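Asks: Before I ask anything, let me first share the structure, which is written out below as structure tokens.
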Amino acid sequence: MAKKKPDEVKKSNNTNSFSAFLKKRAPIYLGLIGLFIIFAYPALTEKNLESLLADDSFEGNERIVVEMVKFYKGSNDKGITILQVIEERINDKYPDQKIFDNEETWAEFIVEEIDKKVYEVVFVFSVDNNQSMRYEWHANIESGEIEPRDTPSRTIQQIVDYYD
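If you read the sequence shown in my numbering, its first letter stands for residue 389, the second for the next number, and so on.
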């Protein structure tokens, strides 16, 4: 009977030990993967207001003014953005629904040039039963100022300005 060389014994032990290691712990790994799929995956794939907006259609100054309105954080440039406040308003209006997952829900920005430095930016959010929310701002591209044009927009901007 021939004896195995020490190198061959180590190789066979290594492959056996690794497969034994995996076999022992396979239920644990499968359980962890299952928990991830049950709890983490839905939270990671959940839609929000930002996922409804398609901003690829804007170029140049129009893109700049849309970004100015979306990410405006008040005079101190800290705190919550206009888009986050609007999303909170939508969630408050539809508390028991996953409104952003609805196929007939849509949101868009509409930009119109008033003169060379001032643009009108309108945000419209609509739900399947034709209930909509509309907010309007004038954005000055030179000064960076945003001026609300109606009461709902003024309320949103005040929340942003005074949020700590």
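Even for Gly, the Cβ is constructed at its ideal location relative to N, Cα and C. No experiment lies behind these values; they were computed from the predicted model shown.
Going straight from the alpha carbon of proline 536 to that of leucine 440, what length do you get?
Replies: Position 148 of the sequence shown holds residue 536. Position 52 of the sequence shown holds residue 440. Cα to Cα, proline 536 sits roughly 23 angstroms from leucine 440.
Asks: Would isoleucine 470 count as contacting chain D if we go by Cβ distances under 8 angstroms?
Replies: Within the model displayed, chain D is absent; a lone protein chain is all it includes.
Asks: Along the chain, where does the beta strand (DSSP E) containing isoleucine 498 start, and where does it finish?
Replies: As a working mapping, residue 498 is identified with position 110 in the sequence shown. It spans 494-501 - the beta strand (DSSP E) in which isoleucine 498 sits, taken as one unbroken run.
Asks: When the Cα of glutamine 545 is compared with those of Tyr417, Lys466, Lys461 and Glu530, which residue comes out closest?
Replies: Looking up residue 545 in the sequence shown gives position 157. Of the candidates Tyr417, Lys466, Lys461 and Glu530, the one whose C-alpha sits nearest the C-alpha of glutamine 545 is Lys461.
Asks: Where does the unbroken alpha helix (DSSP H) through glutamate 491 begin, and where does it stop?
Replies: Taking the sequence shown and counting its residues from 1, one reaches residue 491 at position 103. Where glutamate 491 is concerned, there is no enclosing alpha helix (DSSP H), given that its DSSP letter is neither H nor E.
Asks: Under the rule that 16 or more other beta-carbon atoms within 10 Å means buried, what is valine 397, buried or exposed?
Replies: Within the sequence shown, residue 397 is the residue found at index 9, counting from 1. Summary for valine 397: the model assigns pLDDT 48, below 50, so the residue's position carries little reliability; its value from the coordinates is reported in the next sentence. Classification of valine 397: exposed, given that the 10 Å Cβ count is below 16.
Asks: What residues are listed by DSSP as bridge partners for glutamate 573?
Replies: A question about residue 573 goes unanswered here, because the residues of the chain that appear run from 389 up to 552.
Asks: Taking 8 angstroms as the cut-off, decide whether the C-beta atoms of valine 457 and isoleucine 478 are in contact.
Replies: By one-based count along the sequence shown, residue 457 stands at place 69. By one-based count along the sequence shown, residue 478 stands at place 90. The answer is no: Cβ separation not under 8 angstroms.
Asks: Give me the Cβ distance between valine 509 and valine 454, rounded to the nearest whole Å; I'm assuming they're in contact under 8 angstroms.
Replies: The sequence position of residue 509 within the sequence shown is 121, counting from 1. The sequence position of residue 454 within the sequence shown is 66, counting from 1. The Cβ separation is near 6 angstroms, so the contact holds.
Asks: For the beta strand (DSSP E) that glutamate 535 lies in, which residues bound it at each end?
Replies: On the sequence shown, position 147 is the one that residue 535 refers to. Start and end: 534-536.
Asks: Going by the beta-carbon positions, is the gap between tryptophan 525 and serine 541 smaller than 8 angstroms?
Replies: Within the sequence shown, numbered from 1, the residue matching residue 525 stands at position 137. Within the sequence shown, numbered from 1, the residue matching residue 541 stands at position 153. Yes, Cβ-Cβ distance for tryptophan 525 and serine 541 is below 8 angstroms.
Asks: Is it right to say isoleucine 425 is buried, meaning 16 or more other beta carbons lie within 10 angstroms of its own, or is it exposed?
Replies: In the sequence shown, the residue the question calls residue 425 occupies position 37. Per the 10 Å Cβ criterion, exposed.
Asks: Might you give, ordered along the chain, the residues of its own chain that have their beta carbon closer than 6 angstroms to the beta carbon of glutamate 450, omitting 5 neighbours on each side?
Replies: Within the sequence shown, residue 450 is the residue found at index 62, counting from 1. Hits under 6 angstroms: Val499.
Asks: Determine the contact status of glutamate 496 and aspartate 516, defining contact as a CB-CB distance below 8 angstroms.
Replies: Residue 496 sits at position 108 when you count from the first residue of the sequence shown. Residue 516 sits at position 128 when you count from the first residue of the sequence shown. Contact: no.
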